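The numbering used here applies: residue 1 is where the sequence shown begins, and numbers increase by one.
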Amino acid sequence: WGTDGLINRVPARWGTDGLINRVPARWGTDGLINRAPARWGTDGLINRAPTIVIAVMIALCVSSILLPPGHASAHVIATGTGRITGQLLDGSRKNAPLAGQTVTLQMSQDGSARDLTTSKTNTHGVYTFTNLATDKAITYALYISYEGAQYTSNIITFAGKSAQQMNLTVYNATSSTSNLAIIQSTVLIREPDAQKSTFSVSELFDFKNLGLQTFVGSLDASQGKPNALFFPLPKGARSISLDQGFAGYKPIQEADGFATNAAVYPGDTAFSLSFEVPYLSSVYDFDYKALYPTVLLSFMVDPSIHASAAALNSQGIVTAQQHPYHVFSGSKLLTNQEIHINFEGLPHPSSSASPVDLKTIWLIVGFLLLLAIITTVSVLSRLRDVKKRHHKSNKHVSKNTHVEHEQTHRKPASTMKERSASTTKERKEALMHELLELDKEFENGTLSHDAYQERRARTKARLRTLLSEQEAPRK
């Protein structure tokens, strides 16, 4: 949880292909994630995105040729006297050593991290890294990808020592969810945004894997629904952000939520995400579905929202991150059990108009446009009558004079008509440009929904009037 009561999130967006385009990860043309360099996480672990450079690949080839069989390949980085050794253990087989596996060493300094080198385990599962810098400002960590899951060590520092030992334990993968349960699910509902008519939701799931195998889901949907880890989402959820537990894995959009091939390790594994939920009225029915057996469910609702839930118990007001929340709790939820919590008193923008008000406004605008058209036609008709009477009263004027008069004034009349058409065209282009600018401001979020609708309606009304005035002379 961040200092603002929300989860420190890694932004995610739904792509047009139904996948989540996550930052910093990007979907590659092969359907996999082109991963960005790893970064040290706030929990002291590595948000993993392994990268292997050509130099490391060459070093691997050279070391595999020079080292005799049965010895761990230690890749030398001639920057110091530090040494890290350890053993790769198979937790699914009573911590038996694993040979022939590649372990990566990552170094972090001054807020940036990079993959330093790799080591392949020998017949005893031992890996070794030598000639490492021992500066206090430098920290190290080990990680490995094994059977679709990623495993990371604790942070390693030399702290005045020249050698450190750090073992890594991995587990066999399984696709069965029979040993999975949620020990606690926490749903935090933040104060609604009246201008956007949305409220923010943050969810934290504490999973427990009771087995000795890591659950690794598959996103293959060729046989129907993919056998993966599922997370439900309310209808219309947007601005979806994924954080803890999702780094380095792929999510895909599914009905009423999303699936991911993220791993659930033996013991405890946590996942966190957040999103926004739009609402259309002052009441909202929040539907929560327990996709896995859940020991404890807690809703933390901002007190500005009047919440009630028949299936949950009210625990009163508690303070978290210096902010009060109304807590509701339930226990022993079964798989696919649904919980409904009702929200009332959701705010709306004070300047927003109801659907009836908008309809009335459009009727008034339409009436004014019709009145303007009728007035314009009436004026033009009277002008034609005046011209006819004037023409009859001047029949005694000679033909030559009439011709001379017509030739004298033809050009100015044409010029005035051209100027009028030019002015009308410029006004039309200006109004069209104004509509485009309004659309851009609304899409960029610099203009509220109500102000956008009001200004757009006013501009379109001016445009319709201009077009009506332009069409009337043609008739």
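Ideal Cβ positions, reconstructed from N, Cα and C, are used throughout, including at glycine. Because the structure is a prediction, the values reported are computed rather than measured.
Q.
Quick check on H326: does DSSP put it in helix, strand or coil?
A. In the three-state scheme derived from DSSP, where H, G and I count as helix and E and B as strand, H326 is classed as strand.
Q) Exposed or buried, A461, counting other C-beta atoms within 10 Å across all chains shown (16 or more means buried)? A) Around the beta carbon of A461, a 10 Å sphere encloses 16 or more other beta carbons of the protein chains shown; the residue is thus reported as buried.
Q. Pick from R455, T446, Q315: whose alpha carbon is nearest that of M432?
A. M432 has its Cα closest to that of R455, out of R455, T446, Q315.
Q) Where do the N-terminal and C-terminal ends of the beta strand (DSSP E) with H340 fall, by residue? A) Counting along the chain, the beta strand (DSSP E) containing H340 begins and ends at 337 to 344.
Q | Three-state class that DSSP yields for V453 in the structure shown | A | Here residue 453 turns out to be Gln, not Val, going by the sequence shown. Looking at Q453 - three-state DSSP - the assignment turns out to be helix.
Q.
In the DSSP output, what is G83 paired with across the bridge?
A. Per the sequence shown, residue 83 should be read as Arg rather than Gly. Per DSSP, A163.
**Q.** Three-state class that DSSP yields for K196 in the structure shown
**A.** The three-state secondary structure of K196, taken from DSSP, is coil.
Q. For A263 versus F215, is the C-beta distance shorter than 8 Å?
A. If you check the CB distance, A263 and F215 come in under 8 Å.
Q.
I'd like the span of the beta strand (DSSP E) that includes K120, first residue to last.
A. It spans 112 to 120 - the beta strand (DSSP E) in which K120 sits, taken as one unbroken run.
Q: Report the three-state DSSP secondary structure of P306 (helix, strand or coil).
A: Residue identity check: residue 306 is His in the sequence provided, not Pro. Assigned with DSSP and collapsed to three states, H306 falls in strand.
(Q) Between the segment 144 to 156 and the segment 91 to 108, can you find at least three pairs of beta-carbon atoms closer than 8 Å? (A) The segment 91 to 108 makes contact with the segment 144 to 156, as at least three CB pairs between them are under 8 Å.
Q: Could you please give me the residues that DSSP links to V277 through a beta bridge?
A: Per DSSP, F199.
Q: Return helix, strand or coil for D243, following the three-state DSSP convention.
A: Coil at D243, not helix or strand.
Q: Compare the beta carbon distance of Q184 and V295 with 8 Å and say whether it is the shorter of the two.
A: Yes; because the gap between Cβ atoms is below 8 Å, this pair is in contact.
Q | Separation of S308 from L204, as counted between CA atoms | A | Approximately 21 Å between the Cα atoms of the pair.
Q: Determine the direct distance from the alpha carbon of R190 to that of S281, and round the result to whole angstroms.
A: S281 and R190: Cα-Cα distance of roughly 17 Å.
Q: Classify D243 as buried or exposed, calling it buried when 16 or more other Cβ atoms lie within 10 Å of its own Cβ.
A: By the 10 Å Cβ count, D243 comes out buried.
Q: My understanding is that T139 touches T152, with C-beta atoms under 8 Å, so please give their C-beta distance in whole angstroms.
A: Contact between T139 and T152 is ruled out by a C-beta separation of about 13 Å, above the 8 Å threshold.
Q: Let me know the secondary structure DSSP gives A255 once reduced to three states.
A: Coil, per DSSP.
(Q) For G330 and L312, which I take to be in contact (beta-carbon distance under 8 Å), what is that distance rounded to the nearest angstrom? (A) Contact between G330 and L312 holds: CB atoms are separated by about 5 Å, below the 8 Å threshold.
Q) Could you give the distance in angstroms between the alpha-carbon of A430 and the alpha-carbon of T459? A) So the two alpha carbons sit approximately 10 Å from each other.
Q: Quick one: grab the DSSP three-state call for P92.
A: Checking the sequence, you will find Ser at residue 92 rather than Pro. S92 falls in the helix class under three-state DSSP.
Q: Determine the direct distance from the alpha carbon of P293 to that of Y452, and round the result to whole angstroms.
A: Inter-residue distance for Y452 and P293 is about 46 Å (C-alpha atoms, whole angstroms).
(Q) For the segment 192 to 203 against the segment 273 to 288, do three or more pairs of beta-carbon atoms, one drawn from each stretch, fall closer than 8 Å, so that the two count as touching? (A) At 8 Å Cβ cutoff, the stretches touch.
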